[in-house]
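*Asks:* In our numbering, the protein residues as written are 643 to 873.
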């Protein structure tokens with residue numbers, strides 16, 4: 643899929659930077675759509691945490707600002723803004739949980755509409771998982787897209803899957819299934835196909851609670867690869 647890299651943690655965003663991003667979010671139509679679908683008031687958004695990270699691939703440095711916003715208890719919105727020499731890109735998703743029903747619902751934008759995906763409850767919804775995972779030495783050190791597979795996956799990685807030197811077999815969960823489907827799509831329609839990359843991002847967003855922060859952050863900012871393609 644993509645070459646080897648590591649997600650490098652820089653620092654926490656300061657209060658002014660956090661507020662600037664929140665104000666930007668509140669003006670976003672996509673954010674307002676997601677908040678409405680979650681039956682929440684977008685104006686009441688509060689910052690849980692914000693961080694600055696970066697990674698380098700193929701000689702290009704990508705800087706990211708990551709923000710975790712709380713609308714209500716166990717109703718969150720994750721937002722990332724990535725900036726590279728090629729482009730500036732934004733991605734977001736909403737999530738709400740019902741622990742008593744062991745259920746979580748992901749809200750994402752697909753072609754201007756809010757799409758909901760229901761899955762198993764995650765403790766991430768009640769915790770500041772973004773801060774915890776980014777500050778974890780293990781999380782940063784295992785954030786490489788190795789020459790083979792990303793740890794714990796059979797299809798997410800640079801040389802991974804049935805067409806790679808490692809991996810293959812049964813996908814390790816729904817996020818890994820997204821990578822398998824993307825591999826098959828590229829095989830059918832060509833490397834860097836716009837439609838394939840956009841479907842990968844949509845699938846990854848729907849199953850984000852099944853992926854480490856580092857893996858999801860890099861995937862969402864790296865794709866789509868085709869020049870002029872927007873998802």
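Just so you know, even glycine gets a beta-carbon here, dropped at the ideal spot from N, CA and C. Only a predicted model underlies this, so the values are computations on that prediction, with no experimental measurement involved.
Could you pull out every residue in the same chain whose Cβ sits closer than 7 Å to the Cβ of residue 714, ignoring the five residues on either side in sequence?
*Replies:* Taking the chain shown and counting its residues from 1, one reaches residue 714 at position 72. So the qualifying residues of the chain are 682.
*Asks:* Three Cβ pairs or more, each shorter than 8 Å: is that satisfied between the region 716 to 723 and the region 659 to 678?
*Replies:* yes
*Asks:* Tell me the rounded alpha-carbon separation between residue 849 and residue 864.
*Replies:* Residue 849 sits at position 207 when you count from the first residue of the chain shown. Residue 864 sits at position 222 when you count from the first residue of the chain shown. The straight-line gap from Cα to Cα measures roughly 17 Å.
*Asks:* Applying the 10 Å Cβ sphere with the 16-neighbour rule, what's the burial state of residue 829?
*Replies:* Taking the chain shown and counting its residues from 1, one reaches residue 829 at position 187. Sixteen is the threshold: since fewer than 16 other Cβ atoms of the shown chains lie within 10 Å of the Cβ of residue 829, the residue is exposed.
*Asks:* Quick one, are the C-beta atoms of residue 695 and residue 660 less than 7 Å apart?
*Replies:* Within the chain shown, residue 695 is the residue found at index 53, counting from 1. Within the chain shown, residue 660 is the residue found at index 18, counting from 1. Not closer than 7 Å, so no.
*Asks:* Does the region 805 to 824 come close enough to the region 842 to 859 to have 3 or more Cβ pairs within less than 8 Å?
*Replies:* yes
*Asks:* Which residue wins for smallest C-alpha separation from residue 814, given the options 862, 868, 796?
*Replies:* In the chain shown, the residue the question calls residue 814 occupies position 172. Comparing Cα positions, the closest option is 796.
*Asks:* If you compare alpha carbons, which of 727, 763, 807, 685 is closest to residue 712?
*Replies:* Sequence index remark: in the chain shown, residue 712 carries index 70 (1-based). When each option's Cα is compared against that of residue 712, the closest is 685.
*Asks:* Check the C-beta distance from residue 746 over to residue 763 and give it rounded, since I have them as a contact under 8 Å.
*Replies:* For the purposes of this step, residue 746 is identified with residue 104 of the chain shown, where counting begins at 1. For the purposes of this step, residue 763 is identified with residue 121 of the chain shown, where counting begins at 1. With 8 Å as the limit, residue 746 and residue 763 qualify as a contact, their Cβ atoms being about 5 Å apart.
*Asks:* Specify whether the region 762 to 776 and the region 793 to 807 touch according to this definition: at least 3 beta carbon pairs, one from each stretch, less than 8 Å apart.
*Replies:* They do not touch, by the three-pair rule.
*Asks:* What distance in whole Å lies between the Cβ atoms of residue 743 and residue 723, which are believed to be in contact at a cut-off of 8 Å?
*Replies:* Within the chain shown, the letter at position 81 stands for residue 723. Within the chain shown, the letter at position 101 stands for residue 743. Residue 723 to residue 743, Cβ: 33 Å. No contact.
*Asks:* Rounded to the nearest angstrom, what separates residue 667 and residue 804 at their Cα positions?
*Replies:* By one-based count along the chain shown, residue 667 stands at place 25. By one-based count along the chain shown, residue 804 stands at place 162. A straight line joining the alpha-carbon of residue 667 with that of residue 804 spans about 40 Å.
*Asks:* Using the three-state DSSP reduction, which class does residue 777 fall into: helix, strand or coil?
*Replies:* Working through the chain shown from its first residue, we reach residue 777 at position 135. It is helical.
*Asks:* Do residue 679 and residue 757 have their beta-carbon atoms positioned less than 7 Å apart in this structure?
*Replies:* Working through the chain shown from its first residue, we reach residue 757 at position 115. Working through the chain shown from its first residue, we reach residue 679 at position 37. No. Outside cutoff.
*Asks:* Quick one: residues in its chain with C-beta nearer than 6 Å to the C-beta of residue 612, no 5 flanking neighbours on either side, listed in chain order?
*Replies:* Residue 612 lies beyond the residue range present for the chain, which begins at 643 and ends at 873; the question has no answer from this structure.
*Asks:* Determine the burial state of residue 731: buried for a count of at least 16 other Cβ atoms within 10 Å of its Cβ, exposed for fewer.
*Replies:* One-based indexing of the chain shown puts residue 731 at position 89. Per the 10 Å Cβ criterion, buried.
*Asks:* Relative to the C-alpha of residue 751, which residue among 669, 867, 677, 806 is closest?
*Replies:* Residue numbering aside, residue 751 sits at position 109 when the chain shown is read from its first letter. Of 669, 867, 677, 806, the residue nearest in Cα terms is 677.
*Asks:* Quick one: grab the DSSP three-state call for residue 763.
*Replies:* Position 121 of the chain shown holds residue 763. Coil.
*Asks:* Take residue 838 and list the residues in its own chain whose beta-carbon comes closer than 7 Å to its own, dropping the five residues that flank it on each side.
*Replies:* Here residue 838 corresponds to residue number 196 of the chain shown, with the count starting at 1. Same-chain partners within the cutoff: 824, 827, 828, 831.
*Asks:* Less than 7 Å separating the beta-carbons of residue 802 and residue 811?
*Replies:* What you label residue 802 is simply residue 160 of the chain shown in a count that begins at 1. What you label residue 811 is simply residue 169 of the chain shown in a count that begins at 1. For residue 802 and residue 811, no; Cβs fall outside 7 Å.
*Asks:* Mapping DSSP to helix, strand and coil, what is residue 658?
*Replies:* Counted from its first residue, the chain shown places residue 658 at position 16. In the three-state reduction of the DSSP assignment, residue 658 falls in the helix class, which pools H, G and I.
*Asks:* Near residue 808, which residues of its chain fall below 8 Å by C-beta distance, leaving aside the five closest residues on each side in sequence?
*Replies:* Along the chain shown, one-based indexing puts residue 808 at 166. Around residue 808: 790, 791, 799, 801, 802.
*Asks:* Starting from residue 724, follow its DSSP beta bridges and name the residues at the other end.
*Replies:* In the chain shown, counting from the first residue as 1, residue 724 sits at position 82. BP columns for residue 724 point to 706, 731.
*Asks:* What distance in whole Å lies between the Cβ atoms of residue 691 and residue 772, which are believed to be in contact at a cut-off of 8 Å?
*Replies:* Reading the chain shown from its first residue, position 130 is the one you call residue 772. Reading the chain shown from its first residue, position 49 is the one you call residue 691. So it is a contact: roughly 5 Å between Cβ atoms.
*Asks:* Helix, strand or coil: which one does DSSP assign to residue 850?
*Replies:* Walking along the chain shown from the start, residue 850 turns up at place 208. Reduced to three states, the DSSP call for residue 850 is helix.
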